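Using this note's numbering, the letters of the sequence shown correspond one by one to residues 5 to 211. Even for Gly, the Cβ is constructed at its ideal location relative to N, Cα and C. Note that the structure is predicted; figures quoted are calculated from it, not measured.
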Amino acid sequence: MSTIKSIFERNRAWSEQINEQFPDFFEQLSKQQTPDYLWIGCSDSRVPANQIMALPPGEVFVHRNIANVVVHTDLNCLSVIQYAVEVLKVKHIIVCGHYGCGGVKAAMGHGQHGLIDNWLRHIKDVERFHMDDLKDVSGDDKIDRMCELNVVEQVRNVCNTTVVKGAWRNGAELSIHGWIFNISNGVLKSLTESINSREKQLEVIAK
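Written as structure tokens, this is what we have:
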């Protein structure tokens, strides 16, 4: 309980510091959020979206799950995408993975992990789709390559949601991006071109 108590103490200190430095910060923050970005990332505690992008609260709408997966039966993720696109009018959807992802490692292994194995099945499918890409790599290099391929596949899944396809049909200014984060040095890397139309999606996927 002492650890929990310290969180509230740090929160109060943070609040006081922000109020001193930016007196109208919380007043502005309490107004309607208008972020330009939806971040779909991994639940890993070392990958905080706002800090990585160096953006303050209110600038990024965030959805996170194990291994940044976008599944067409996941109503949670799909609802986030719909709200972000249709209500918040975000201009960018970013799928961001990270090297050394534990979810990807688990999916590539042969052990049993309980309930999560059902979720990891989606990543095993990515490995199956890209057997040729992975046949000449091994060890950590193979895991990192799979982390990249997983991001690319999830970008494709975002592009194929009815929400995104509908937004593009209606002329929305909406781009989809695939990034990966290197925890060892804090640097982001782009894995895909910006996709801002159905035609662009087909062009990128064809490469």
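With respect to the C-alpha of Ile199, the residue from Asn186, Val191, Phe185 and Leu178 having the closest C-alpha is Leu178. Taking the Cα positions, Met112 is about 35 Å away from Ala171. Its chain contains His96, Ile97, Ile98, Val99, Val159, Ser194, Thr196, Ser198 and Ile199 as the residues whose beta carbon lies nearer than 8 Å to that of His181, once the 5 sequence neighbours on both sides are disregarded; these appear in chain order. With a cut-off of 8 Å on Cβ pairs, the stretch 116-127 is in contact with the stretch 69-81, counting three or more such pairs.
The beta-carbon separation of Val94 and Pro52, rounded to 19 Å, does not stay under the 8 Å limit for a contact. Burial is judged here by how many other beta carbons sit within 10 angstroms of a residue's own beta carbon; Leu119 has fewer than 16 and is exposed. Taken in chain order, the whole alpha helix (DSSP H) runs of length 4 or more contained in the stretch 133-179 are 135-138, 143-163 and 166-173. With a cut-off of 8 Å on Cβ pairs, the stretch 42-51 is in contact with the stretch 78-89, counting three or more such pairs. Selection Cys163, Ile184 and Glu131 evaluated against Glu203 yields Cys163 as nearest (Cα-Cα).
It is roughly 40 Å from the alpha-carbon of Glu131 to the alpha-carbon of Thr7. Annotation: the continuous beta strand (DSSP E) that includes Ile98 extends over His96 to His102. Distance from the Cα of Ser19 is smallest, within the candidate group Phe30, Lys9 and Ser10, for Phe30. The three-state secondary structure of Ser19, taken from DSSP, is helix.
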